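First comes the structure, then the notes that go with it.
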Amino acid sequence: MLRSHANRVVSVRRVAQLNAGKRTPGVDKVLLKTPEARGRMVDRLAHYQPWTAKPARRVYIAKANGKLRPLGIPAMRDRCLQAMVKNALEPSWEARFEGCSYGFRPGRGCHDAIEKIYRLARPNSRRRWVLDADIKGAFDHISHEHLLTTIGRVPGIERIKQWLKAGYVEKGAFHETQAGTPQGGVISPLLANMALHGMEEALESKHYTRGDLNSTRAVVRYADDFCVFCESQEDAETAKQVLTDWLNERGLTLSAEKTTIVYLTEGLSFLGFHIRLYRASNTTTGWKLLTKPSKEAVQ
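Residue numbers for the sequence shown follow this note's numbering, beginning at 5 and rising by one.
Below you can see the structure in the form of structure tokens.
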């Protein structure tokens with residue numbers, strides 16, 4: 005895949021024509037606006053050179069809560085190379101990823117995660133205690149050593165190491181990066197999923213051969229946002245401690261203000277939706293599960 009002409013062409017097309025950031029340059033101010041420029045980039049990528057990754061350009065975008073989210077915008081050439089390595093790595097990892105993971109994966113999205121939550125939270129389910137968790141600055145704090153060990157010895161590993169260690173430029177000053185993967189990089193969502201792979205195993209959430217759940221715990225994860233369904237409050241507290249230790253190995257911590265344990269009658273907010281059990285006298289269980297857009301998302 006790293007030597008494939010088709011992969012080079014598709015990668016350049018994705019970065020320079022399809023992605024939302026196609027008009028956002030990196031530190032070298034280069035953009036690929038014309039067919040000729042894109043063709044030259046495809047040819048340049050064909051000739052193996054000992055590439056040196058350029059540092060990312062630091063920009064900030066506003067978050068919903070009024071704070072700023074830091075983005076690292078790599079140079080166009082690095083973005084094209086990242087797309088090539090991503091296309092080469094992704095298929096083998098897609099075969100390994102757990103079924104509970106829905107963020108940044110081909111053929112999966114928010115509504116698949118909400119559908120899974122609906123099936124787990126139905127009135128006839130015993131798992132009514134939910135650990136609603138959020139990882140603090142997940143992209144900025146992922147341990148490089150753990151991530152590189154997880155990926156193992158694959159042909160593109162040296163390039164990935166360079167992108168992780170490339171640093172960023174803010175207001176003309178260069179800063180080194182000791183941890184994290186830059187938000188804004190093409191390969192970053194895949195690297196984040198790799199780092200968080202194994203959450204189901206850590207929680208001992210098992211499945212039958214056909215895919216049905218065979219466990220008292222169940223987890224649904226969308227990138228760095230996840231919720232764990234448990235049968236009791238004590239088990240939810242235990243799950244929180246297990247995940248705290250598991251995330252520490254990856255250089256990550258749970259966000260204290262965003263991580264809560266709730267009962268489903270109080271309601272659960274996830275991916276812009278509010279999921280809650282309501283009393284309903286006209287049903288066999290006496291409860292009805294409703295999924296609505298959350299107030300914050302509507303506002």
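Here a beta-carbon is modelled for each residue, glycine too, at the ideal position from N, C-alpha and C.
Owing to the predicted nature of the structure, the values given are computational and were not obtained by experimental measurement.
Query raised in the report: Roughly how many angstroms lie between the CA atoms of Asp144 and Leu151, to the nearest whole one?
Result: 13 angstroms
Report task. Would you grab the beta carbon distance between Gly189 and Pro78 for me? Rounded to a whole angstrom, and I think it's under 8 angstroms. Result -> 5 angstroms
Query raised in the report: In this structure, what does DSSP give as the bridge partners for His278?
Result: Ser273, Lys296
Query - Endpoints, the beta strand (DSSP E) within which Leu75 is located - result: 72-77
**Report entry** Start-to-end residues for the beta strand (DSSP E) that takes in Cys231
**Finding:** 229-234
Query raised in the report: Measuring CA to CA, which of Val232, Leu194, Pro186 is closest to Ser96?
Result: Leu194
Query raised in the report: If you count every other CB in all the chains shown that lies within 10 Å of the CB of Tyr282, and 16 or more means buried, which is it?
Result: exposed
Report task. Determine the direct distance from the alpha carbon of Phe233 to that of Leu124, and round the result to whole angstroms. Result -> 8 angstroms
Requested in this report: Answer with buried or exposed for Ser192, where buried requires no fewer than 16 other C-beta atoms within 10 angstroms of its C-beta.
Outcome: buried
Query raised in the report: Do Arg254 and Ser129 come within 8 angstroms of each other at the CB atom, strictly closer than that value?
Result: no
Query raised in the report: Using the C-alpha atoms, what's the distance from Gln86 back to Ala20?
Result: 13 angstroms
Query raised in the report: Looking at Met5 and Ala92, is the spacing between their C-beta atoms short of 8 angstroms?
Result: yes
Requested in this report: Would you tell me roughly how many angstroms separate the C-alpha atoms of Asp47 and Ile155, rounded to the nearest one?
Outcome: 28 angstroms
Query raised in the report: Starting from His9 and walking both ways along the beta strand (DSSP E), at which residues does that stretch end?
Result: Segment 9-17 is the alpha helix (DSSP H) holding His9; no beta strand (DSSP E) there.
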